[in-house]
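These notes are about the structure you will find just below.
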Amino acid sequence: MSIREKILQAQDRKEKEMYIPEWDVKVLLRELSAFERANALSKAYRQDGNLDLANLYLYVVAYGLYDAETKERIFNPNKQEDLVALGTKNGAVIENIAKEIMTLSSMQFGAVEQAEKN
Numbered sequence: 066m067s068i069r070e071k072i073l074q075a076q077d078r079k080e081k082e083m084y085i086p087e088w089d090v091k092v093l094l095r096e097l098s099a100f101e102r103a104n105a106l107s108k109a110y111r112q113d114g115n116l117d118l119a120n121l122y123l124y125v126v127a128y129g130l131y132d133a134e135t136k137e138r139i140f141n142p143n144k145q146e147d148l149v150a151l152g153t154k155n156g157a158v159i160e161n162i163a164k165e166i167m168t169l170s171s172m173q174f175g176a177v178e179q180a181e182k183n
């Protein structure tokens, strides 16, 4: 097997189950892929070039939240209606889930929050 094949076949994304009491559900959080991470970050910037932290959290959750049983993604980050639906939920819950996914993904949310302030 070539090095390329080994890299592509490696199961290198971390997962973590999380119970969300506000919703009474157990979900699976999955580390974002390089593509998902780049998309979430690029879509979170406003036209003026500033980071929209709330928007980032919605994309991170849409990309990283899975059904714990079926392991299927719950929300489609490419569907505006899914992002809007997530945006109607408790902001603290969304933020907590996003921070857990960001931790799994080695995204430093302190640095992200600092970028929002600048």
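For the sequence shown, my numbering assigns the number 66 to the initial residue and increments by one for each residue that follows.
In this text, a Cβ means the ideal position worked out from N, Cα and C, and glycines have one as well.
Since this is a predicted model, take the numbers as computed values, not measurements.
Which residue wins for smallest C-alpha separation from residue i, given the options the options?
i: residue 85; options: 131, 144 and 117; result: 131
i: residue 155; options: 75, 106, 92 and 119; result: 119
i: residue 90; options: 103, 149 and 139; result: 139
i: residue 101; options: 127, 74 and 114; result: 127
i: residue 136; options: 71, 80 and 73; result: 80
Measure the C-alpha to C-alpha separation of residue i and residue j and round it to an integer number of angstroms.
i: residue 62; j: residue 66; result: Residue 62 is absent from the structure shown; the chain starts at 66 and stops at 183.
i: residue 142; j: residue 94; result: 15 angstroms
i: residue 82; j: residue 92; result: 6 angstroms
i: residue 106; j: residue 78; result: 18 angstroms
i: residue 223; j: residue 108; result: The requested residue 223 does not occur in the structure, where the chain is confined to residues 66 to 183.
i: residue 99; j: residue 113; result: 25 angstroms
i: residue 167; j: residue 76; result: 18 angstroms
How would you write the range of the alpha helix (DSSP H) that residue i sits in, first residue to last?
i: residue 167; result: 156 to 169
i: residue 8; result: What the structure shows of the chain is the stretch from 66 to 183, and residue 8 is not part of that stretch, so it cannot be assessed.
Residue i: beta carbon under 8 angstroms from a heavy atom of the ligand MN?
i: residue 73; result: Inclusion of the ligand MN in the displayed structure is not the case, the ligand content being empty and no account of it being possible.
Is the beta carbon of residue j closer than 9 angstroms to that of residue i?
i: residue 123; j: residue 157; result: no
i: residue 129; j: residue 87; result: no
i: residue 170; j: residue 125; result: yes
Taking the beta strand (DSSP E) that residue i falls in, what are its first and last residues?
i: residue 81; result: 80 to 85
Contained alpha helix (DSSP H) runs [length at least 4] in the segment 92 to 117, N- to C-terminal order: 99 to 108
List, from N- to C-terminal side, the alpha helix (DSSP H) runs of 4 residues or more that fit wholly inside the segment 112 to 148. The segment 112 to 148 contains, as complete alpha helix (DSSP H) runs of 4+ residues, the segments 118 to 129 (chain order).
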